[in-house]
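Below you'll find the structure, written out as structure tokens, and then a few comments.
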Amino acid sequence: MAENIAGVFADAIATDPTRPLLTWYDDASGERTELSGATLANWVAKTANLLVDGLGLGPDDTAGVLLPPHWQTAAVLLGCWSAGLTVAAAAGPVDVLFAAADRIAEADAWPADERYALALAPFALPLREVPPGFVDYVVDVRGHGDHFTPYAPGGATDAELVAAARARAAEFGLAPGDRVLIDAGRYPDPVDWLLGPLVAGATVVLCGNLDTSRQSTRETAEKVTKRLP
């Protein structure tokens, strides 16, 4: 049983890298993006390589992540953890900052030499206008390698996150093979919407701006077995 996040992620995709691991819906825009384990792993590797090869960061460095639940947020977080970075829990100086375009105003509370903005647009489209002092994440990350060997075994914070995720997975009653629908607005903590399902061996249907009138049809179409309360 893996006790670090990189190992948990590797275990989650090992059985069948082609199965849908994370399916993202945005009911405001109509977007549906489905990522297999292999596709998400590709984004994670590119993010880790951006951090390590591009920025020279690694263990003992910190990242600020001002992003809502989203498939690109999963790539950023898992990339940071794979590269050995600690994701800061509170505002303060960090080595690298990732911020959604609509949260740029909060960046002053997170001083960082390296700053990336994300449009979180359908089809991973780039920003129409990159904020001053920022680099567009989806543009920069695409130029980095598709393979990365994660740092192991992970630090104390990494182990604490895995333990917290196991506790939440047990609380939610998640089991291997579950396909769980999660309302992103109700569960902003990645321990709930990302790590909990991963440690349980479950896959995720993550819904932003959830339209509850579509929920029953979606659960049938996505073969959902469980819904977070």
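According to full-length UniProt numbering, the residues represented by the sequence shown are 1 to 229, in order. Idealized CB from N, CA, C, for every residue including glycine.
Which of helix, strand or coil DSSP assigns to residue i
i	result
residue 134	coil
residue 148	coil
residue 53	helix
residue 119	coil
residue 140	helix
residue 19	coil
residue 225	coil
residue 34	strand
residue 92	coil
residue 81	helix
residue 26	strand
residue 71	helix
residue 40	helix
Chain-order list of residues whose beta-carbon lies under 6 Å from that of residue i (same chain, five-residue window excluded)
i	result
residue 11	2
residue 28	209
residue 88	62, 64 and 94
residue 73	67
residue 24	33, 71 and 206
residue 104	131
residue 79	44, 47 and 48
Identity of the residues DSSP links to residue i by a beta bridge
i	result
residue 46	Looking at the DSSP assignment, residue 46 forms no beta bridge with any residue, so it has no partner.
residue 97	64 and 115
residue 8	Residue 8 is not bridged to any residue.
residue 86	62
Spatial neighbours of residue i in its chain, beta-carbon cut-off 8 Å, leaving aside the 5 residues before and after
i	result
residue 17	36, 37, 38 and 41
Proximal residues to residue i (C-beta, below 7 Å), its chain only, five neighbours per side dropped
i	result
residue 159	3 and 4
inquiry  = I'd like the ranges of any beta strand (DSSP E) spanning at least 3 consecutive residues and lying wholly in the region 143-223.
reply    = List check, beta strand (DSSP E) in window: 179-183 and 203-208.
ask   = Counting Cβ pairs closer than 8 Å, one from the region 141-153 and one from the region 65-84, do we hit at least three?
value = By the criterion of at least three beta-carbon pairs nearer than 8 Å, the region 141-153 is in contact with the region 65-84.
message = Tell me whether the region 123-132 and the region 52-59 touch, counting them as touching only if at least three CB pairs, one residue from each stretch, are closer than 8 Å.
response = The region 123-132, when compared against the region 52-59, does not touch it at the 8 Å Cβ threshold.
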